[in-house]
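Trainee: Take this structure first; my questions come after.
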Amino acid sequence: MTAERTLTDRLLDDADQAPIDPFDLFEEWFAAARASEPNDPHAMAIATVDADGLPDVRMVLLNAHDRRGFAFFTNFESAKGRELLAHPKAAFVMHWKSLRRQFRVRGAVEVVDAAEADAYFHSRARGSQIASSASEQSRPLKSRAELMERVDALTKKLGEDEVPRPAHWSGFRIVPREIEFWKDGEFRLHDRFLFTQDAAGDWRRRRLNP
Ligand SMILES: Cc1cc2nc3c(=O)[nH]c(=O)nc-3n(C[C@H](O)[C@H](O)[C@H](O)COP(=O)(O)O)c2cc1C
Ligand SMILES: Cc1ncc(COP(=O)(O)O)c(CN)c1O
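So in my numbering, spot 73 of the sequence shown is number 73, and the numbers just go up one at a time.
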């Protein structure tokens, strides 16, 4: 009996030029990362640009993904929120150290719809929902005590009530234009595959020099 070839096996086999769906390949790599990373396999660094074109980058968590793209949730009045609303394009990278693999995406950014933002917000720990309401993310803060006072006041005010999702807290979805899979190789002779969409919307892949 022969073991079934994974998408990664097929990717690495230059003789196999049949199409590979990059979203399916991502699922395979993400599952491997979830099984082997010590923490936060869904951590990604997301790069944006400010009004001067100066790049900005920070970690966020990939908390939703499907064939439409890759979404994270945040405060829309934060630096990244303002940057993305002004320039709705981004790039992100995930680095899975335990696998020595890298996953990169570039593309346009859209705002997730209100129902998706509500569902995700209310799936979070209540304390995290309150924190997101209390934190004026990326704005100067006089002291930790001031933040904790806001958290306590909000906690008291809400009692047992549901925490309303703040109007300025939602998700951004990066809709991929380019997707790259990178796998470490000996002596820096890595394997790289860039997926781009053709005019018909089909994903094509090319191997790149490391
Ligand atoms: C592993 C990790 C995951 C994070 N995930 C998020 C996230 O999903 N959303 C978020 O708003 N901030 C997240 N943060 C905090 C951000 O890195 C950042 O400090 C914050 O969002 C403010 O960024 P900005 O000022 O560039 O907008 C995370 C930080 C780390 C280290
Ligand atoms: C400020 C902030 N917002 C959102 C998140 C996303 O994680 P979660 O939705 O699981 O709270 C994080 C994770 N570190 C965070 O630091």
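A virtual CB, placed ideally from N, CA and C, is assigned to each residue, including glycine.
All values derive from a computational prediction rather than experimental measurement.
In whole angstroms, what separates the C-alpha of Phe76 from that of Leu62?
Mentor: Each residue's Cα considered, the two are about 16 Å apart.
Trainee: What do you reckon, is the C-beta of Met44 under 6 Å from a heavy atom of ligand 3?
Mentor: Here the bound small molecules are ligand 1 and ligand 2; ligand 3 is not part of this structure.
Trainee: State buried or exposed for Arg104, treating a residue as buried only when at least 16 other CB atoms are found within 10 Å of its CB.
Mentor: With 16 or more other Cβ atoms within 10 Å, it is buried.
Trainee: If we count the other Cβ atoms within 10 Å of its Cβ and call it buried at 16 or more, is Arg101 buried or exposed?
Mentor: With 16 or more Cβ atoms within 10 Å of its Cβ, Arg101 is classed as buried.
Trainee: When you compare each of Phe181, Arg177, Lys183 to Phe198 by their alpha carbons, which one comes out closest?
Mentor: Looking at the sequence itself, residue 198 is Asp, so the reference to Phe does not match. With distances taken between Cα atoms, Asp198 lies closest to Arg177.
Trainee: For Glu37, which residues from the same chain have a beta carbon less than 7 Å from its beta carbon, with the 5 sequence-adjacent residues on both sides left out?
Mentor: Counting only Cβ-Cβ distances below 7 Å, and skipping sequence neighbours, we find Trp96, Ser98.
Trainee: Where do the ends of the beta strand (DSSP E) carrying Leu85 lie?
Mentor: It is not in any beta strand (DSSP E) - Leu85 instead sits in the alpha helix (DSSP H) that spans 79-86.
Trainee: For Gln129 and Arg150, what's the separation of their Cα atoms in angstroms?
Mentor: For Gln129 and Arg150, the distance between alpha carbons rounds to 13 Å.
Trainee: Going by DSSP in three states, Pro140 sits in which element: helix, strand or coil?
Mentor: Note: Pro140 maps to coil in three-state DSSP.
Trainee: Starting from the C-beta of Ser132, find all residues in its chain whose C-beta is less than 6 Å away, skip the five residues before and the five after it, and write them out in chain order.
Mentor: Same-chain partners within the cutoff: Trp169.
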